[in-house]
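>
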Amino acid sequence: MKTLAIRLEDELHARLTILSKVSGQSVTDTIRTALEEHLTGLATQPDIAAKAQALTDEIEREAAEQLSAIKALLGPASKPAQRGGRAKS
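Sequential numbering from 1 applies to the sequence shown in full-length UniProt numbering.
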């Protein structure tokens, strides 16, 4: 669970406090419920899927660039060093 601090305008805070009290919920529960409902609504918007795919593509592109940079830094894969030792007689 994460803790989140937010700043609210005085009027919005007053509305939140009164409506929470009238509904018998804590302010925290009212905020949590409102966020869940809002996020559920966002997830059903048609353009969100397209934006999510674009973000996924961007993340994959950036990851590929970083992987390429790491491989260039390390150079070509080399064979493990052979251990020197005495020949058995």
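Backbone N, C-alpha and C fix where the C-beta goes; we use that ideal spot for every residue, glycine too. Note that the coordinates shown come from a computational prediction; the quantities given were computed from them, not determined experimentally.
1. Go to GLY41, then tell me how far its alpha helix (DSSP H) extends in each direction, as first and last residue.
2. By how many angstroms is the C-alpha of ALA50 removed from the C-alpha of GLN25?
3. Counting along the chain, where does the alpha helix (DSSP H) carrying ALA5 start and finish?
4. From which residue to which residue does the alpha helix (DSSP H) around residue 98 run?
5. So, are the CB atoms of LEU16 and LEU8 less than 8 Å apart?
This is what the structure holds:
1. 27-43
2. 36 Å
3. No alpha helix (DSSP H) contains ALA5, which DSSP labels as neither H nor E.
4. The structure shown does not extend to residue 98, since the chain is modelled only from 1 through 89, so no value can be given for it.
5. yes
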